[in-house]
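Comments concern the structure below.
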Amino acid sequence: MALSPSLSRAFRRVPSIVLVLLLHVLLVRASAAEGPAGVVAGTVTDASGAVVPRAAVDLIGSGLARATVSDATGQFAFADVRPGAYRLIVTVPGFAPSQRDPVAVGPGETVDASVTLEVGHAEAAVVITASSTPQGVQDVQASAEIVTAEDLRAYPGNNVTEALKLVSGVDARSSGANASVSIRGFSASGGAAVLLLSDGLRRTGKYGATNLNLLELESVDRVEVVRGPMSALYGADATGGVVNVISRPIRRSSTPTGSARIQAGGMSGGQRATLVEGASIEFGARATGHRVSVEQRNRGLFRFDPSTAGAADLSRIDETFVGYQGDASLPGFRSLRWDAEVVNQDDTGPGLLAASPPARPAPEPYRIREQEQRYFGALHFAGVAGPGALQIDAAFGRSAGETTRSYPAIERTRFGQLQAQARYYLRARAHAVVLGSGLLRDAISISNFLSTSPVRTNPSLFAQDEWRLGAGVSLLAGVRADRFTDFGQVVTPRGSLLLKRGHWSLRGGYGQAFRAPSVTEQYSSFLRGRFLITGNPDLVPERNRTWEVAAAWRRQSFDAEVTWFDSRVDNLIQSISQPRQPQDPSSVSLRSVYANVAAARLRGVEAASTWRATSWLVVTGGWDYLDAVDRTTGARLTGRARANARGALRVERGRWRIDLRGRQYIGFYAADPNTRTGPAFETNYGTADMKVELKLTPMLSVSGGVDNVRNRRQPVNFSSTGAILEPPARYGYVGARLGF
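Numbering (the numbering used here), first residue to last: 2 to 741.
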């Protein structure tokens, strides 16, 4: 859908719009009609009446959220609270979360919001990714799922990617230092069909892509996943969905708090020897808070045949993460937060360049390198502005990377990214409105001899309204407009209707989305041995139209949800084979180019359930079915499984916790990457993992586990590039965590 001339002119004013909103924040004063601010305070206790220290307390309202932690006497307080209605959420590991809604605060009033916690399992309380405002997951008008801090404890702690293994509709994979994520079969060969964010912002990376494995794990509070294009907040790269990694709020207390962890592991014969260390400390006074975190990951080589001395199947990993976050409370229920992070990747291993007579009569050994240095800084404002709430984010990131993927050529990436976005949240009677604008500027250079150095600017505008039509009935409508300097303008609408009756809810929605061609697909060209991959600057965006229907049943002890979706994709971007061209390097025997060549249909069913059988036992399970075909030919799309089954069992009783997890790919359809012209075929692949944790003291725990218990090796067709998935064999580990 093309933009009108008036809207096109508005795009050019997006930076001005953001500036005006920022000036509004600096100049606006709280309305005198609201009266003086109030206080919300209370004490956290358990069922026996004993106080509970270090409880996480969140106060949510007016489109904003504030966080604190109970002190040694179990007490907490929020000062300078704007009059209005709020939701109070208290969470502590080992207890069921407690919610008070509403907490009504009058002018100058001090409200007692004391809570009593019951023993139970922590559950996801709120999700912000779908609407940018905190909502209960049961109220979100999108297919959303949260991986909580409690869920993260079930995994070894090697990277963020492993935490997505049991999420509905998601295929998340690690291969050494690199990660790939697809949702509902939306994957991209040279771009990304899933938008990966950290605290709502993008990160730079090699080849213009965000690598989920190069996000710090130490400060992660939860991971929010939105499947499908049902939110107007996101544009390019979000046609399949959004993965947003959320950091823990800085919880100020009278004394510094923090944690430290260590994990050591390996595989048979001493392969893939692993040492992961991390620590964080939080400190601050009443009005300001700070957190410093560090993380180091080291993993050794892996060979399927340890007796060979040539190339390794997985290289060494050597990655360092340093992060700093600070925040300050401002008058009038406002806050300012700032972030800085540095990431260094220096992964190496032995490689072997194939023989190519007469120039190279025998295989030639060389040193594989995957290196990257990433720097990122951001400033966030959130606070009351007039009758609503305003959020502003501004960030700059830069990365420099080198790889030997085209050895003997060395490919160097230089990627700078500027982001600015503003969102205004307004609740007016039955309407919850979000208005926003944003600006994204990417400058990328990949220094092989075929690449160019493009600069892409992407201003955007969006509006979304959730209208409560009556008791248990709400309608959401949104529209987003994006403009790209290199391929034009696009408008994408979406809408959904939610009906809630007792324990049941029914939701139906329609959304349009698009995937902008990546810089790699448009401009970069790569040599991979004798294979040449070239970009195409004339590519147009993929367009996605999705229908979605979901039914859910939720009770305290059991919940289940079934979702049906049907996505029609036009201008699907794929790589197609071409004859060798005269201008190609002499070593090239095969070439491909990215092109808009097909229309696809991806439809399926996602089913998930959670049974909280007792206060100490939780069982989860799920099943996904996917039918992905080329609409023109009817041929099945490759690189996707027909179905996925997954399940987990968690036992947490006394000081012990046991986690069992399993996932099975059914009917994965792809060709053998060693035979590029060979036919596709189906394979099955499943893994099972376990972990045991013992709490020695309230602040110290030890753990041990085994991933890939059955020592399964992936099928030969499981990666189009021959990448080896983690863990490639049975992996055992032990770990410890200390809090203070």
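Ideal Cβ positions, reconstructed from N, Cα and C, are used throughout, including at glycine.
For residue i, collect the residues of the same chain with a Cβ closer than 6 Å to its Cβ; drop the 5 residues on either side in sequence, then sort them by chain order.
i, result
"residue 669", "642 and 684"
"residue 703", "695 and 737"
"residue 224", "148, 164 and 246"
"residue 764", "Since the first residue of the chain shown is 2 and the last is 741, residue 764 is not available in this structure."
"residue 444", "417 and 456"
"residue 99", "91, 116 and 118"
"residue 294", "219, 220, 281 and 324"
"residue 315", "177, 303 and 725"
"residue 327", "291 and 339"
"residue 196", "235, 238, 239 and 243"
Any idea if residue i is buried or exposed, counting beta-carbon neighbours within 10 angstroms, 16 or more meaning buried?
i, result
"residue 119", "exposed"
"residue 735", "exposed"
"residue 473", "exposed"
"residue 111", "exposed"
"residue 348", "buried"
"residue 658", "buried"
"residue 231", "buried"
"residue 581", "exposed"
"residue 485", "buried"
"residue 37", "exposed"
"residue 338", "buried"
"residue 248", "buried"
"residue 700", "exposed"
"residue 748", "Nothing about residue 748 can be reported from this structure: the residues present for the chain run from 2 to 741 only."
"residue 741", "exposed"
Leaving out five residues before and five after residue i in sequence, what residues of the same chain have Cβ atoms less than 8 Å from its Cβ?
i, result
"residue 286", "253"
"residue 592", "532, 533, 534, 535, 578, 579, 580, 581, 582 and 585"
Which whole-angstrom value is the C-beta distance of residue i and residue j, which I expect to be below 8 Å?
i, j, result
"residue 457", "residue 487", "6 Å"
"residue 101", "residue 82", "At roughly 14 Å, the Cβ-Cβ gap does not stay under 8 Å, so residue 101 and residue 82 are not in contact."
"residue 145", "residue 226", "7 Å"
"residue 59", "residue 150", "With 8 Å as the limit, residue 59 and residue 150 do not qualify as a contact, their Cβ atoms being about 13 Å apart."
"residue 382", "residue 342", "Contact flag wrong, Cβ pair sits at about 19 Å."
"residue 61", "residue 87", "6 Å"
"residue 422", "residue 394", "5 Å"
"residue 40", "residue 78", "6 Å"
"residue 273", "residue 300", "6 Å"
"residue 398", "residue 205", "4 Å"
"residue 48", "residue 89", "So it is not a contact: roughly 19 Å between Cβ atoms."
"residue 173", "residue 212", "Going by Cβ atoms, the distance from residue 173 to residue 212 rounds to 12 Å, so no, they are not a contact pair."
"residue 217", "residue 322", "4 Å"
"residue 370", "residue 404", "6 Å"
"residue 521", "residue 209", "6 Å"
Please confirm whether residue i and residue j have their CB atoms less than 7 Å apart.
i, j, result
"residue 396", "residue 202", "yes"
"residue 673", "residue 717", "yes"
"residue 439", "residue 461", "yes"
"residue 505", "residue 548", "no"
"residue 662", "residue 649", "yes"
"residue 604", "residue 630", "no"
"residue 613", "residue 619", "yes"
"residue 194", "residue 240", "yes"
"residue 508", "residue 497", "yes"
"residue 537", "residue 572", "no"
"residue 712", "residue 730", "yes"
"residue 664", "residue 651", "no"
"residue 447", "residue 525", "yes"
"residue 330", "residue 288", "yes"
"residue 75", "residue 52", "yes"
"residue 543", "residue 609", "no"
"residue 639", "residue 600", "no"
"residue 744", "residue 183", "Nothing can be reported for residue 744, as the shown portion of the chain is limited to 2 through 741."
"residue 400", "residue 373", "yes"
Considering only residues of the same chain and omitting the five flanking positions on each side of residue i, which have a CB-CB separation below 7 Å?
i, result
"residue 356", "362, 363 and 364"
"residue 29", "Only weak support is given to the placement of residue 29: the predicted model assigns it a pLDDT of 43, under 50, and the question is left unresolved by the model."
"residue 427", "388, 389 and 434"
"residue 34", "Caution applies to residue 34, whose pLDDT of 44 falls short of 50 and renders its modelled position unreliable; the value that the coordinates give is listed next. Nothing listed; no residue qualifies."
"residue 469", "431 and 475"
"residue 697", "703"
Does residue i have its Cβ less than 7 Å from a Cβ in chain B?
i, result
"residue 675", "Although the question refers to chain B, the structure presented lacks it and comprises just one protein chain."
Unbroken alpha helix (DSSP H) runs of length 4 or more, entirely within the region 619-674: which are they?
none
Beta strand (DSSP E) runs contained entirely in the region 30-109, provided each spans 3 or more residues:
39-47, 57-62, 65-70, 76-82, 85-92 and 99-106
Alpha helix (DSSP H) runs wholly inside the region 302-329, at least 4 long, in chain order:
none
Write down every uninterrupted run of the beta strand (DSSP E) in the region 255-287 whose length is 3 residues or greater and which is fully enclosed by it, in chain order.
258-267 and 275-284
In chain order, each beta strand (DSSP E) run of at least 3 residues that lies wholly inside the region 358-430:
365-386, 389-404 and 412-429
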